[in-house]
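Enquirer:
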Amino acid sequence: MLDIINQNGMLLLGCGKMGSAMLEGWLDRGVEPSAVWVNDPHPSDYVKALVPHDLNLNAPLPAAPALCVIAVKPQMMGEALPAIAALGTGNTLFVSIAAGTTLGALAKALGPQARIIRAMPNTPAAIARGITAIIGNANATAEDITLATAALSAVGQVVRLSSEDQMDAVTALSGSGPAYVFHLIETMAAGGEAQGLPAELALHLARATVAGAGALAELAPESPAELRVNVTSPGGTTAAALGVLMDAETGFPPLLNKAIAAATERGRALGKS
Ligand SMILES: NC(=O)c1ccc[n+]([C@@H]2O[C@H](COP(=O)([O-])OP(=O)(O)OC[C@H]3O[C@@H](n4cnc5c(N)ncnc54)[C@H](OP(=O)(O)O)[C@@H]3O)[C@@H](O)[C@H]2O)c1
0 MLDIINQNGM
10 LLLGCGKMGS
20 AMLEGWLDRG
30 VEPSAVWVND
40 PHPSDYVKAL
50 VPHDLNLNAP
60 LPAAPALCVI
70 AVKPQMMGEA
80 LPAIAALGTG
90 NTLFVSIAAG
100 TTLGALAKAL
110 GPQARIIRAM
120 PNTPAAIARG
130 ITAIIGNANA
140 TAEDITLATA
150 ALSAVGQVVR
160 LSSEDQMDAV
170 TALSGSGPAY
180 VFHLIETMAA
190 GGEAQGLPAE
200 LALHLARATV
210 AGAGALAELA
220 PESPAELRVN
230 VTSPGGTTAA
240 ALGVLMDAET
250 GFPPLLNKAI
260 AAATERGRAL
270 GKS
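Going by numbering that gives the first Met the number 0, the residue at position 121 of the sequence shown is 120; the numbering climbs one at a time, nothing skipped.
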């Protein structure tokens, strides 16, 4: 990946939170600043500080960069895409991380020859612990998937979808999911506070518990269900809490099912608008 980018260059359209996280990952992995073009009307100090290192900021577009990553907000697409449509002749691979913007909508703006990959990352990308799901259009080749995977691996794991239909559910699960977990931390802390703990201590305990349990769930060979059973003694404290949380009418299962269904539905509606 690095070779082809260092040889032919890459363009990053939109360099806000996600764009900057990716840029940092690419540079850490050996992409030369001189091989990177960044287009953003209000670049951050981080990006501006790379200009003396030969990063191309708001410069004329390279003729045929190997990769163009589109990281503007979905509502800015209409304005942003015409500026890069000239690259849609087939020599550049486009990777869009914009939520809700379909492969069809991207192809309409970038032309019938454009090789396009749609990706859905999540915010732990900021610390290179994200997970990104990708799907390519009919023009995208196996090499394109490899290049996109390598580029997006700079901010975490990458998984491949079998159809674009899955993207709304992915958005609802892993795209929006970090917010659910942040809310879990908030509400666990509030629950501890309600039982008499000082606010700061409750938040510290909740944050470290979710982070530690998340890491254990990712690294341990056991399934999450096995890990749960392992810490639940019959008649004990965990069992008392799980009796509430696993209630089929009012617990996590119906609640999270409803939340993820609402997010999926919203994603579908945004994709059509
Ligand atoms: N953050 C997430 O958790 C997350 C997760 C999954 C997917 N995404 C997707 O990632 C994309 C970027 O999100 P973000 O959180 O990084 O947003 P962001 O911080 O607002 O970054 C977008 C950047 O694009 C710039 N921009 C606006 N119009 C432009 C144009 N015409 N040409 C070039 N650059 C332009 C913005 O500049 P101004 O600030 O001056 O407008 C801003 O710096 C979105 O499409 C979002 O759906 C984000």
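All C-beta atoms, glycine included, are put in the ideal place defined by N, C-alpha and C.
Being a predicted model, the structure only gives us computed values, none of them experimental.
Which residues share a DSSP beta bridge with N121?
Expert: The count along the sequence shown starts at 1 and reaches residue 121 at position 122. N121 pairs with nothing; no bridge assigned.
Enquirer: Just the Cα atoms here: how many angstroms apart are D246 and P252?
Expert: Within the sequence shown, numbered from 1, the residue matching residue 246 stands at position 247. Within the sequence shown, numbered from 1, the residue matching residue 252 stands at position 253. Using only the alpha carbons, I get a separation of about 8 Å.
Enquirer: Beta-carbon within less than 6 Å of A147's beta-carbon, same chain only, minus the 5 sequence neighbours each way: which residues are those?
Expert: Numbered from 1 along the sequence shown, position 148 holds the residue referred to as residue 147. Result list for A147: V94, I116, I133, in chain order.
Enquirer: Taking 7 Å as the cut-off, does the CB of M75 come closer than this to any heavy atom belonging to ligand 1?
Expert: Taking the sequence shown and counting its residues from 1, one reaches residue 75 at position 76. Flag set: Cβ of M75 near ligand 1.
Enquirer: Straight-line CA distance for S222 to N229?
Expert: Translated into positions along the sequence shown, residue 222 becomes position 223. Translated into positions along the sequence shown, residue 229 becomes position 230. Spanning the two alpha carbons is a distance of roughly 11 Å.
Enquirer: Which word fits N121, buried or exposed, when buried means at least 16 other C-beta atoms lie within 10 angstroms of its C-beta?
Expert: By 1-based counting over the sequence shown, the position of residue 121 is 122. Label assigned to N121: buried.
Enquirer: Who's in the neighbourhood of ligand 1, going by beta-carbon under 6 Å from any heavy atom, listed in chain order?
Expert: Matched residues: L12, G13, C14, G15, K16, M17, G18, N38, D39, P40, H41, A70, V71, K72, P73, M75, E78, A79, I96, A97, A98, M119, P120, N121, T122, G174.
Enquirer: Excluding the 5 residues flanking P220 on each side, which residues of the same chain have their C-beta closer than 8 Å to its C-beta?
Expert: Here residue 220 refers to the residue found at position 221 when the sequence shown is read from its first residue. So no residue of the chain qualifies.
Enquirer: Which residues does DSSP pair with R159 in a beta bridge?
Expert: On the sequence shown, position 160 is the one that residue 159 refers to. According to DSSP, which records beta bridges pairwise, R159 is partnered with I133.
Enquirer: Can you tell me where the alpha helix (DSSP H) holding M166 begins and where it ends?
Expert: In the sequence shown, counting from the first residue as 1, residue 166 sits at position 167. Start and end: 166-169.
Enquirer: In whole angstroms, give me the CA-to-CA distance for C67 and P59.
Expert: Mapped onto the sequence shown, residue 67 falls at position 68. Mapped onto the sequence shown, residue 59 falls at position 60. Answer to the nearest angstrom: the Cα atoms are 14 Å apart.
Enquirer: Would the stretch 43-50 and the stretch 70-79 be scored as touching if the rule is three or more Cβ pairs under 8 Å?
Expert: No contact exists between the stretch 43-50 and the stretch 70-79.
Enquirer: In whole angstroms, what separates the C-alpha of A238 from that of I130?
Expert: Within the sequence shown, residue 238 is the residue found at index 239, counting from 1. Within the sequence shown, residue 130 is the residue found at index 131, counting from 1. Each residue's alpha carbon lies about 31 Å from the other.
Enquirer: Given that a residue counts as buried once 16 or more other Cβ atoms are within 10 Å of its Cβ, and exposed if not, what is V158?
Expert: By 1-based counting over the sequence shown, the position of residue 158 is 159. Its Cβ having fewer than 16 others within 10 Å, V158 is exposed.
Enquirer: Are the Cβ atoms of L10 and P51 separated by less than 8 Å?
Expert: Within the sequence shown, numbered from 1, the residue matching residue 10 stands at position 11. Within the sequence shown, numbered from 1, the residue matching residue 51 stands at position 52. No.
Enquirer: Enumerate in chain order the residues of its own chain whose CB-to-CB distance from A189 is below 8 Å, with the five nearest sequence positions on each side excluded.
Expert: Stepping through the sequence shown from its first residue, residue 189 is reached at position 190. Excluding positions up to five away in sequence, the list reads A201.
Enquirer: Please classify L167: is it buried, with 16 or more other beta-carbons within 10 angstroms of its beta-carbon, or exposed?
Expert: One-based indexing of the sequence shown puts residue 167 at position 168. Correcting the residue identity first, residue 167 is Asp in this sequence and not Leu. The residue is buried, with at least 16 neighbouring Cβ atoms inside 10 Å.
Enquirer: How many angstroms separate the CA atom of N136 from the CA atom of T231?
Expert: As a working note, residue 136 is residue 137 in the sequence shown. As a working note, residue 231 is residue 232 in the sequence shown. Distance between the alpha carbons of N136 and T231: 46 Å.
Enquirer: Apart from the five residues on each side of it in sequence, which residues of its chain come closer than 6 Å, Cβ to Cβ, to Q156?
Expert: Within the sequence shown, numbered from 1, the residue matching residue 156 stands at position 157. Same-chain partners within the cutoff: I130.
Enquirer: When DSSP labels each residue in this structure, what does N5 get in the three-state scheme?
Expert: Counted from its first residue, the sequence shown places residue 5 at position 6. N5: helix per DSSP, three-state reduction.
Enquirer: Residues in the same chain with beta-carbon distance under 6 Å from T263, minus the five sequence neighbours each way, listed in chain order, please.
Expert: As a first step, residue 263 is located in the sequence shown; it is residue number 264 there, counting from the start. D167, A168, A171, listed in sequence order.
Enquirer: Along the chain, where does the alpha helix (DSSP H) that runs through V94 open and close?
Expert: Walking along the sequence shown from the start, residue 94 turns up at place 95. Unbroken run through V94 is the beta strand (DSSP E), 92-95; no alpha helix (DSSP H).
Enquirer: Are the CB atoms of L1 and V35 nearer to each other than 8 Å?
Expert: Taking the sequence shown and counting its residues from 1, one reaches residue 1 at position 2. Taking the sequence shown and counting its residues from 1, one reaches residue 35 at position 36. Taking 8 Å as the Cβ cut-off, L1 and V35 do not qualify as a contacting pair.
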